[in-house]
Amino acid sequence: MSENTPPDLDLTGEWDATLEGRPVKDRVYEVATTLTSPTSVTEIAERVDCTKAGVRPHLEWFVDLGVLEKVVDNPALFVRNEASFEFRRVTELTREFETPEAIADTIEEYRERERELAASFKASSPGAVVLADVDYDDLDEASDQLSEWRAVTRRLRELHEAKLRLESHFPA
Numbered sequence: 005m006s007e008n009t010p011p012d013l014d015l016t017g018e019w020d021a022t023l024e025g026r027p028v029k030d031r032v033y034e035v036a037t038t039l040t041s042p043t044s045v046t047e048i049a050e051r052v053d054c055t056k057a058g059v060r061p062h063l064e065w066f067v068d069l070g071v072l073e074k075v076v077d078n079p080a081l082f083v084r085n086e087a088s089f090e091f092r093r094v095t096e097l098t099r100e101f102e103t104p105e106a107i108a109d110t111i112e113e114y115r116e117r118e119r120e121l122a123a124s125f126k127a128s129s130p131g132a133v134v135l136a137d138v139d140y141d142d143l144d145e146a147s148d149q150l151s152e153w154r155a156v157t158r159r160l161r162e163l164h165e166a167k168l169r170l171e172s173h174f175p176a
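Here the sequence shown is numbered in this note's numbering, starting from 5 and rising by one per residue.
Given below as structure tokens:
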């Protein structure tokens with residue numbers, strides 16, 4: 005390999021190595037956290053490297069815990085429960101900031117970035133943007149900025165929720 009040749013990136017191999025040797029329940033959880041669209045037991049079993057019968061009880065257990073949602077019964081399709089993950093992110097924010105005052109500056113920083121992104125797209129929300137209608141020289145850059153705007157909007161919502169939780173623990 006020459007000095008200008010980038011190293012081989014084997015992200016799939018890294019993922020497989022991470023999952024290999026771990027208990028089925030742990031492997032199912034790792035896969036469950038990535039299920040952003042309804043996914044069949046067969047596909048999950050393939051990704052976990054286990055039988056369908058081996059993953060089913062774990063999937064049902066994660067549904068009971070609120071980590072997953074069962075979208076359809078036959079064939080069974082699962083998706084991660086976004087509300088559960090958002091709750092966990094908000095809980096982490098309350099631990100990180102500890103007081104309502106501590107979180108206020110961060111909220112303002114995110115608000116400012118949200119205003120900048122809204123101005124660049126001349127839109128009121130990320131959902132109002134149609135990339136095909138955007139006047140950008142670089143569509144990839146526009147897509148990246150739209151993705152960032154969605155992330156900033158989500159993070160602002162989480163920060164506000166964390167601030168409300170903190171305010172309920174530290175009344176003025």
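All residues carry an ideal CB built from backbone N, CA and C; glycine is no exception. Since we're looking at a predicted model, the values are computed, not measured.
The alpha helix (DSSP H) enclosing residue i, as first and last residue numbers
i      : result
ALA155 : 143-173
LYS74  : Looking at the DSSP string, LYS74 is not in any alpha helix (DSSP H); the run it does join, the beta strand (DSSP E), is 72-77.
VAL83  : Where VAL83 is concerned, there is no enclosing alpha helix (DSSP H), although the beta strand (DSSP E) it sits in stretches over 80-84.
ARG115 : 104-125
THR46  : 45-52
GLY58  : 56-69
ALA36  : 28-36
Cβ-based burial, residue i [other Cβ within 10 Å; buried from 16]
i      : result
MET5   : Caution applies to MET5, whose pLDDT of 48 falls short of 50 and renders its modelled position unreliable; the value that the coordinates give is listed next. The residue is exposed, with fewer than 16 neighbouring Cβ atoms inside 10 Å.
THR55  : exposed
ALA80  : buried
PHE89  : exposed
PHE174 : exposed
Residue i to residue j span [Cα, whole Å]
i      : j      : result
ASP137 : THR157 : 21 Å
ARG60  : GLU86  : 20 Å
ALA132 : ALA122 : 10 Å
ALA166 : TYR33  : 26 Å
ASP109 : ASP53  : 46 Å
LYS126 : GLU112 : 20 Å
ARG169 : ASP68  : 25 Å
GLU171 : THR98  : 10 Å
ARG161 : GLU96  : 14 Å
Residue nearest to residue i in terms of C-alpha spacing, selected from the options
i      : options                    : result
SER41  : HIS62, ASP53, ASP68, VAL76 : VAL76
THR2   : ARG92, THR46, GLY25        : With the chain covering 5 to 176 only, the question about residue 2 has no answer from this structure.
SER147 : PHE82, PRO104, LEU135      : LEU135
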